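Listed in order, the protein sequences are those of chains A and B.
The first sequence begins at 15 in the numbering used here and counts up one residue at a time.
The second sequence begins at 2 in the numbering used here and counts up one residue at a time.
Where is the CB? At the ideal position from N, CA and C, for every residue including glycine.
Computed from a predicted structure; not experimentally measured.
Notes follow once the structure below has been shown.
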Amino acid sequence: MVTSAEAMAQAAAHAGYNAQTFATFPSQILGGPTWTQTHVSTSPILSAGDELDVLVAFNKAAYENHLSEVGAKGVIIYNSEDFQLEDDGKSFGMPIEKLAKSTGNTRAANMVVLGAVASLVNMPHDYLVQFVTRRFTRGRANDQAIIESNIKALALGREQAVSSGFSLGTIPHPQRPEGQQILVKGNDAVSLGAMAAGIDIYVGYPISPATTILVWMEHNLVGPGKFAYQVSSEIEALTALLGAGFAGRKAMTATAGPGFSLMNEGLGLAWMAEIPMVVVDVQRGGPATGLPTKTEQSDLFCCMRPAHGDVSLPVIAPGTVEECFYATVQAFNWAERYQGPVILMSEMSLAERAQNIPKPDLSKVVVENRRVYTGNNGYMRYDGPGASPMPIPGRPGSYVANGSEHDPIGDTTHLPERHVQMTERRFNKLKLLEDGSYERMNTEEPIAVMPWGGSKGPASEAYKLLMEEGTPLGWYFTMYLHPLPPALLEELRQKELVLVPELNYQGQWASTLRSQGVKAEAITQYTGLPFKVGELAERIKERVNASIKRTVRA
Amino acid sequence: MSAKNPEYDFKWCPGCGDFGVRRALEFAMSDRIINREIPMENNVVVAGIGCSGNLVHLLEGDQPYGFHGIHGRTLPIAMGVKMGRPDLNVVVVAGDGDFLSIGMEHIGPQAARNLDITAVVMDNAVYGLTKGQSSPTTELGVTTSSTPYGKLEQSINPLDLYLTLGASFIASGFSGKPRDLAKLITAGMDHPGFAIVHVQSPCTTYNDTYQILKGNPRKGIAPLLWDISEEHDSSDYASAYQAIHSGGWPVGIVYRNADRPTLNQRIQAIQSKVKQKTTQELLDAYDI
Ligand SMILES: Cc1ncc(C[n+]2csc(CCOP(=O)(O)OP(=O)(O)O)c2C)c(N)n1
Ligand code: SF4
């Protein structure tokens, strides 16, 4: 079901605006507070926005919960069929369902709301009419009737807003971004990225907020040689990937914290036996069952070192919906290249956010495939100091993929020199992955901010604010958390201070950077919600000023 | 391991039942590659952790592919191999601890899926590799290193369990007769669906059951093993149930239902109906 907020995003994106939604869901299936936020702008959007210009409250509870988020000049539209408000000078009621019904189409309630909200910002009515016409032109007999009733609903909403007398000014004309755009959620972008990378096998177990990837794959990963399947646990999912990767297939699973914890032993085996695979952790609040429907960035420690023993898995953490697509492609490429598991860290706020992004050009996507052994039998699969061609069952080159320490052909061994050789071989392979790119701005500044993952959005908007105010501050971002691009690490080590906004208590990324010789300090939040731009900018500024004062005194 | 590998230092104890299981698997795989004119590399042996799992390193002659993973996870690993490459012959080898204790959670789902693989379970009613602790098939009251005052749980009947969980092929064998056992393993490999060949494979060090399995007339010990008769109707669930509950250990094919489609067949049936979209088409669906 599409909510009014999603319809708003679709209509705005269709007209050429930038749009982004952000949703939180209750854990219960029916009832409970569900809300979706839509941010529309003529310039690119990176966060959900701090305060609300318009609050549409379908019931009293929603009104009470979100009243405090409405900005000073904000307007509240409430469903007058559900509750009444005293005139507070900033709200007006609308009988949403009744108006929808009067168009002859009870499902047009979204359009009533859309008409009203668009009118408050004087968005040209034509845009909405075009959107509705396109959306409901589906080649069915009743298309015309549905289009007409929806247009009527838009007009009714608009009339309500006009007669309320409220106005939020006029939103500028959109500057349509260049090139074709798509409106997509983070999890769908991950799924599309996996398809572009040539995924063969997806095995998963339902868990919020990763389930939509499983469902997407079960719909779309079909055809000869393709297989998407729900198994009985995350242990089964991960170990099935081991078999599939061993058999020469590109395989992926997606999970969240609890499932990821169950995958630990298998991930160690993938590292040890050198089996390519991609594991997506769509983070939610933890630990244990934690906050299943909220966002957090608290799985970093466990993603970096999930298994026992000397293991260090590659980690890629996209910061935007667009990056979700490219990060997934790269996760597959890395897995194929170094022959081992790659962790893709997403998070609830990216997964469930719909956003307009430039449409990926599939002809430009670079897809890598593992080096395959093509010789005769008697192959030393684990010979040499780094990645070696991988034999594929069915063809000559049989070996034992072994989770015990092994000799070159894969037989178990306990010789000290073998353990040294094989441990170094496994770590050497990480050097193949030092090609990650990164963003940098104002690199001459001794203090820099460096968010990771989904905090990139609010942090980059905060950074923009701070730049306008003239705060001296550099900017770094990479989605390649491990291994870090070596040149980036070198630059970071030169900084007096690297501030890391991140959604966890321990400052996990700052701590990881410190362990690599970077003077990093975390700016943490652990509410289950993303950073607010204004607040984050304030906190960064405080730390920058404190640091400058410290330096002056010294 | 194609030749003697001096670096590989694991050895089964003299008389260990697993020697016989290895011979039987070698016979069955060799017969298969000759009869079907396929290379040995078409076989994949997924091994559990235990003395038994070491079988994958001890095979002689032409080598199949092997996967020696982690304790208890042979079945889902085998599923990944089979679903990735349905043309391969996938065989699981695991001990009773690996298969029936830590790995128990995977038997039911594979039976329900009717995954087309063959699991050879080496039952010695003890944990060999970790030096003699009790396992799910150890009898109630038996003293082991982890049950100094006797085992507290009753033992499970694995054949009964497999039947209940819906495995479509169940055979019961004995490591002391590798040729006969090879026939059961071959039948399991030929069976379209989830086949379990459960083998009595004694541990001479921690639980030497040869005498009670084979019997000893001089000491008046009746054998536990008995051959399933030619008349046994293995396609009949009730007959299978009866064979399992007749006392002792039946040897032969207990149950076989070749009519159930395998997971692969079910998937193929669905896929022939679903229209496959290209990545470009999937992407186009998000156009604004
Ligand atoms: C997760 C995990 N727990 C425990 C062990 C230790 N362990 C190794 S083998 C084994 C039991 C083996 O018994 P069984 O499967 O019956 O094989 P056998 O040695 O008797 O052939 C155990 C508990 C392990 N390797 N991994
Ligand atoms: S301990 Fe038992 S199971 Fe292990 S090798 Fe020795 S006899 Fe065989």
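Closer than 7 Å to a non-hydrogen atom of ligand 2 - does that hold for the CB of residue 54 of chain B?
No; taking the cut-off as 7 Å, the Cβ of residue 54 of chain B has no heavy atom of ligand 2 nearer than that.
Where DSSP assigns a beta bridge to residue 279 of chain A, which residues make up the other side?
Assignment of beta-bridge partners to residue 279 of chain A by DSSP yields no partner.
State the DSSP-derived secondary structure class of residue 8 of chain B, mapped to helix, strand or coil.
Residue 8 of chain B: coil per DSSP, three-state reduction.
Going by other Cβ atoms of all chains shown within 10 Å of its Cβ, with 16 needed for buried, is residue 111 of chain B buried or exposed?
Answer is buried; the Cβ neighbour count reaches 16.
If you run the structure through DSSP and keep just helix, strand and coil, what is residue 456 of chain A?
In the structure shown, residue 456 of chain A adopts coil according to DSSP, grouped into three states.
Helix, strand or coil for residue 240 of chain A, going by three-state DSSP, please let me know.
Three-state DSSP puts residue 240 of chain A in coil, outside helix and strand.
Locate the beta strand (DSSP E) running through residue 257 of chain B, then write down its first and last residues.
Residue 257 of chain B: member of the beta strand (DSSP E) spanning 250-257, first to last residue.
Buried or exposed for residue 254 of chain B, going by 16 or more other Cβ atoms inside 10 Å?
With 16 or more other CB atoms across the displayed protein chains lying within 10 angstroms of its CB, residue 254 of chain B is buried.
Flag residue 107 of chain B as yes when its Cβ comes closer than 7 Å to any non-hydrogen atom of ligand 1, and as no otherwise.
For residue 107 of chain B, the Cβ stays outside the 7 Å cut-off from all heavy atoms of ligand 1.
I'd like the list of long-range same chain contacts for residue 18 of chain A, defined as Cβ closer than 7 Å, with 5 residues on each side in sequence excluded.
Within the same chain, residue 18 of chain A has close Cβ partners 70, 124, 127 and 128.
Chain A within 8 Å of residue 9 of chain B, Cβ atoms only:
Output row for residue 9 of chain B: interface = yes.
For residue 121 of chain B, would you say it is in contact with chain A, using Cβ-to-Cβ distances shorter than 8 Å as the test?
No, its Cβ sits nowhere closer than 8 Å to a Cβ of chain A.
Whose CA, out of B:285, B:288, B:287 and B:281, lies closest to the CA of residue 377 of chain A?
Out of B:285, B:288, B:287 and B:281, B:281 has the C-alpha closest to the C-alpha of residue 377 of chain A.
Rounded to whole angstroms, what is the Cα-Cα separation between residue 183 of chain B and residue 337 of chain A?
Counting only the Cα atoms, residue 337 of chain A lies some 54 Å from residue 183 of chain B.
On the premise that residue 462 of chain A lies in contact with residue 4 of chain A, defined as a C-beta separation below 8 Å, what is that separation, rounded to the nearest angstrom?
Residue 4 of chain A falls outside the range modelled here, since chain A spans only 15 to 568, and no answer is possible.
Where residue 164 of chain B falls: helix, strand or coil (DSSP)
Residue 164 of chain B falls in the helix class under three-state DSSP.
Contacting residues, own chain, Cβ-Cβ under 6 Å from residue 557 of chain A (five flanking each side not counted):
Only 513 meet the Cβ criterion.
Answer yes or no: do residue 19 of chain B and residue 176 of chain B have a C-beta to C-beta separation smaller than 8 Å?
For the pair residue 19 of chain B and residue 176 of chain B, the CB atoms are nearer than the 8 Å cut-off.
Within the continuous beta strand (DSSP E) that includes residue 87 of chain A, where are the two ends?
Note, residue 87 of chain A: beta strand (DSSP E), 84-93.
Nearest CA to the CA of residue 421 of chain A: which residue from A:394, A:343, A:65 and A:353?
Measuring from the Cα of residue 421 of chain A, the nearest candidate turns out to be A:394.
Beta-carbon proximity list for residue 228 of chain A, same chain, < 8 Å, skipping 5 on both sides:
Taken in chain order, the residues that qualify are 216, 218, 219, 220, 242, 244 and 268.
Please give me, in chain order, every unbroken run of the alpha helix (DSSP H) with length at least 4 that falls completely inside the stretch 64-137 of chain B.
Listed in chain order, the complete alpha helix (DSSP H) runs (minimum 4 residues) inside the stretch 64-137 of chain B are 75-85 and 108-114.
Under 8 Å by beta carbon: chain A residues contacting residue 144 of chain B
Residues of chain A with a Cβ closer than 8 Å to the Cβ of residue 144 of chain B do not exist; the shortest Cβ-Cβ separation is about 30 Å.
Kindly list, in the order they appear in chain C, the residues whose Cβ is closer than 7 Å to that of residue 80 of chain B.
No chain C is part of this structure, whose protein chains are labelled A and B.
Which partner residues of residue 52 of chain A appear in the DSSP bridge assignment?
According to DSSP, residue 52 of chain A bridges with A:35.
Spatial neighbours of residue 250 of chain B within its chain, please: CB distance less than 8 Å, with the 5 preceding and 5 following residues excluded, ordered by chain position.
Short of 8 Å from the beta carbon of residue 250 of chain B, and not among the five residues preceding or following it, lie these beta carbons of its own chain, in chain order: 173, 175, 201, 214, 225, 226 and 227.
From the DSSP secondary-structure annotation, give me the bridge partner or partners of residue 374 of chain A.
DSSP output for residue 374 of chain A lists no bridge partner at all.
Using CA coordinates, which residue listed in A:250, A:210 and A:247 is at the minimum distance from residue 231 of chain A?
From the listed residues A:250, A:210 and A:247, the smallest Cα separation to residue 231 of chain A is found for A:210.
Would you report the Cα separation of residue 7 of chain B and residue 24 of chain B, rounded to the nearest angstrom?
If you take the alpha carbons of residue 7 of chain B and residue 24 of chain B, they lie about 21 Å apart.
Terminal residues of the alpha helix (DSSP H) in which residue 311 of chain A lies
Taken as a continuous stretch (DSSP letters only), residue 311 of chain A belongs to no alpha helix (DSSP H), as it is neither H nor E.
To which residues does DSSP link residue 174 of chain A through a beta bridge?
Bridge partners of residue 174 of chain A: none, in fact.
To which residues of the same chain is residue 128 of chain B closer than 6 Å at the C-beta, ignoring the five residues directly before and after it?
Excluding positions up to five away in sequence, the list reads 98, 134 and 136.
Closest Cβ-Cβ distance between residue 94 of chain B and chain A: below 8 Å?
Not an interface residue.
Validate contact between the stretch 252-264 of chain A and the stretch 276-284 of chain A using beta carbons, cut 8 Å, 3 pairs
Of all C-beta pairs linking the stretch 252-264 of chain A to the stretch 276-284 of chain A, three or more are shorter than 8 Å, placing the two stretches in contact.
Measuring CB to CB, does residue 86 of chain B end up less than 8 Å from residue 408 of chain A?
Yes, the pair counts as a contact, with Cβ atoms nearer than the cut-off.
Of all the CB atoms in chain B, is at least one closer than 8 Å to the CB of residue 429 of chain A?
Using a CB distance cut-off of 8 Å, residue 429 of chain A counts as an interface residue toward chain B.
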